[in-house]
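So the mapping is simple: this note's numbering equals the position in the sequence shown, first residue as 1, plus 427. Worksheet: the structure to be examined is printed underneath.
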Amino acid sequence: MLRDDILQILAAHPEKYMSGERISQQLNVTRAAIWKQIKVLKEEGFEIEGQTKKGYCLLKTPFSLNEWVLQKALRTTSLGCKITLEDELESTNLRAKELAQQGGIHGQVVLARRQSTGRGRLQRQWESPRGGLWMSVVLRPNLSLADASKLTLAASVAIADAFEELFSLRIGIKWPNDLVFNGLKIAGILGEVVGEWNTVQTLILGMGINVNFTRKQLSPSLNATTLFEILKDDVDLNILAATILKYLEKQVISLEKKAFEELRVCWLERAVGLGEEVKILQGKQVFQGIFKGITIDGALLLETEGEEKSFSAGEVQLRSKVNNYLL
Ligand code: BT5
Numbered sequence: 428m429l430r431d432d433i434l435q436i437l438a439a440h441p442e443k444y445m446s447g448e449r450i451s452q453q454l455n456v457t458r459a460a461i462w463k464q465i466k467v468l469k470e471e472g473f474e475i476e477g478q479t480k481k482g483y484c485l486l487k488t489p490f491s492l493n494e495w496v497l498q499k500a501l502r503t504t505s506l507g508c509k510i511t512l513e514d515e516l517e518s519t520n521l522r523a524k525e526l527a528q529q530g531g532i533h534g535q536v537v538l539a540r541r542q543s544t545g546r547g548r549l550q551r552q553w554e555s556p557r558g559g560l561w562m563s564v565v566l567r568p569n570l571s572l573a574d575a576s577k578l579t580l581a582a583s584v585a586i587a588d589a590f591e592e593l594f595s596l597r598i599g600i601k602w603p604n605d606l607v608f609n610g611l612k613i614a615g616i617l618g619e620v621v622g623e624w625n626t627v628q629t630l631i632l633g634m635g636i637n638v639n640f641t642r643k644q645l646s647p648s649l650n651a652t653t654l655f656e657i658l659k660d661d662v663d664l665n666i667l668a669a670t671i672l673k674y675l676e677k678q679v680i681s682l683e684k685k686a687f688e689e690l691r692v693c694w695l696e697r698a699v700g701l702g703e704e705v706k707i708l709q710g711k712q713v714f715q716g717i718f719k720g721i722t723i724d725g726a727l728l729l730e731t732e733g734e735e736k737s738f739s740a741g742e743v744q745l746r747s748k749v750n751n752y753l754l
């Protein structure tokens, strides 16, 4: 695409001005065509300075999702090998599922700047205003069905690692895979299995992160926060997506090598409520006890009345003793 070629030239000459004439000669198009595309790029959020005698200089790339910027930021070999980015989708998981059914490849990533009907687990609603990172990855890892389910745990660790690298921010993981800051949910993960398990195992890993928007844009009833509320500033969604994919790729490779214990340890390092008295809600039943840890398969271990009981994710909910989401 002409726009990408222009960006390529400008990015190859950082802090330098490139004349419209030189760019047009290099790309074999008119200067008017260059001017037109620069205008579109500016509308997309690229800061490009134009000076009459000197030409154009790329000052800043946009913080909003942009395929070219994301491609540049990627440091992976398989995840992000193919990117689908739409301004709005019903749900990135839904689109990724469709792509997977049509033969989508391992590592294909689907992103939307906004979701109209984003989904959580058990068909719960996931609010997805503009400014968030709504991303799904098609994974066809070399793992059994039982082990593939560990990828949702791996994704929560990958998101936490990215937050630490980029923002020096330590976020906790609330079992099984909610990411929380000061007891408020900042991100959620939805893993869904597609198709025939006996042949190629496909997992759609959906990650929803509240980033560049205020808390007011979500329903007041939610125990939620956003990165903007914490940092008081916008961040580059492309860098965030690329960094999460980098850590997720590492996790996928290490799970394929059966490094399950390493994942369990990393997960436990981030767990909130560990060693504390908690409540487990299973339908109308309530179990109270000490949150001892997780099994190698990610089931929660609760010490109650001198016994250890394990709960797998699904219908079960974890609460603090005082019934808070989790402090
Ligand atoms: C989750 O479900 O936490 C998984 C969320 C996954 C969302 C991503 S976005 C990209 C991809 N495409 C999709 O359509 N989905 C994935 P669960 O643990 O069931 O939590 C859902 C609950 O979180 C809801 O019932 C609300 O209480 C709460 N919630 C909804 N939107 C929220 C938000 N933006 N921030 C914090 N909490 C929210």
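Glycine residues also receive a C-beta, built at the ideal position from the N, C-alpha and C atoms.
Any idea if residue i is buried or exposed, counting beta-carbon neighbours within 10 angstroms, 16 or more meaning buried?
i	result
Lys685	exposed
Cys693	buried
Ala581	buried
Glu676	buried
Met428	exposed
Lys480	exposed
Ile723	exposed
Ser518	buried
Asp605	buried
Thr629	buried
Asp588	buried
Lys601	buried
Asn750	exposed
Val679	buried
Pro647	exposed
Asn520	buried
Leu649	exposed
Ala438	exposed
Thr652	buried
Ser563	buried
Gln464	buried
Lys643	exposed
Leu695	exposed
Ser595	exposed
Lys443	exposed
Arg697	buried
Arg522	buried
Gly559	buried
Between residue i and residue j, how many whole angstroms is the CB-CB distance? I'm expecting something under 8 Å.
i	j	result
Leu708	Phe718	Incorrect: roughly 14 Å between the Cβ atoms, too far for contact.
Leu492	Asn665	6 Å
Ala585	Ile721	Going by Cβ atoms, the distance from Ala585 to Ile721 rounds to 17 Å, so no, they are not a contact pair.
Gly633	Ile616	7 Å
Leu667	Glu554	With 8 Å as the limit, Leu667 and Glu554 do not qualify as a contact, their Cβ atoms being about 19 Å apart.
Ser446	Gly482	4 Å
Arg541	Arg557	5 Å
Leu572	Gly618	12 Å between Cβ atoms; not a contact.
Thr731	Gln712	Not confirmed; about 12 Å, so no contact.
Val467	Arg430	6 Å
Leu593	Trp561	That pair is no contact at about 18 Å.
Ser747	Gly700	7 Å
Asn639	Val662	7 Å
Ser576	Gly725	7 Å
Ala669	Leu497	6 Å
Leu516	Glu494	That belief does not hold up - the Cβ atoms of Leu516 and Glu494 are roughly 15 Å apart, past 8 Å.
Ala459	Pro603	About 56 Å; that fails the 8 Å criterion.
Gln453	Ile436	6 Å
Leu390	Asp574	Only positions 428 to 754 of the chain appear in the structure, and residue 390 is not among them; the question remains open.
Say the cut is 7 Å; is the CB of residue i nearer than that to a heavy atom of the ligand MG?
i	result
Asn520	No copy of the ligand MG appears in this structure; the ligands present are the ligand BT5.
Note down, one range per segment and in chain order, each alpha helix (DSSP H) of at least 4 residues found wholly within the segment 632-706.
Correct list: 654-658, 664-683, 687-697.
Taking one C-beta from the segment 517-536 and one from the segment 563-583 each time, how about it: are there three or more such pairs within less than 8 Å?
Cβ pair count under 8 Å is three or more, so yes.
Counting Cβ pairs, one atom from each stretch, are 3 or more of them under 8 Å apart for the segment 499-506 and the segment 520-529?
Result no; under three Cβ-Cβ pairs closer than 8 Å.
Touch test, the segment 463-476 against the segment 488-495, Cβ-Cβ under 8 Å, three pairs minimum
In short, these stretches touch, since the Cβ pair count reaches three.
Assess contact between the segment 610-621 and the segment 646-659, defined as three or more Cβ pairs (one per stretch) separated by less than 8 Å. Is contact present?
Below 8 Å, enough C-beta pairs join the segment 610-621 and the segment 646-659 to call them touching: three or more.
Minimum length 3: unbroken beta strand (DSSP E) runs contained in the segment 480-548
Within the segment 480-548, the complete beta strand (DSSP E) runs of at least 3 residues are 482-487, 510-516, 536-542.
Quick check on the DSSP output: what are the complete alpha helix (DSSP H) runs of length 4 or more inside the segment 550-624, in order along the chain?
Taking only runs of at least 4 residues, the alpha helix (DSSP H) segments lying wholly in the segment 550-624 are 572-575, 577-594.
Every unbroken alpha helix (DSSP H) inside the segment 440-473 [4 residues or more]
Within the segment 440-473, the complete alpha helix (DSSP H) runs of at least 4 residues are 447-454, 458-470.
My parser needs the beta strand (DSSP E) runs of 3 or more residues fully inside the segment 712-746; what are they?
Listed in chain order, the complete beta strand (DSSP E) runs (minimum 3 residues) inside the segment 712-746 are 712-721, 727-731, 734-738.
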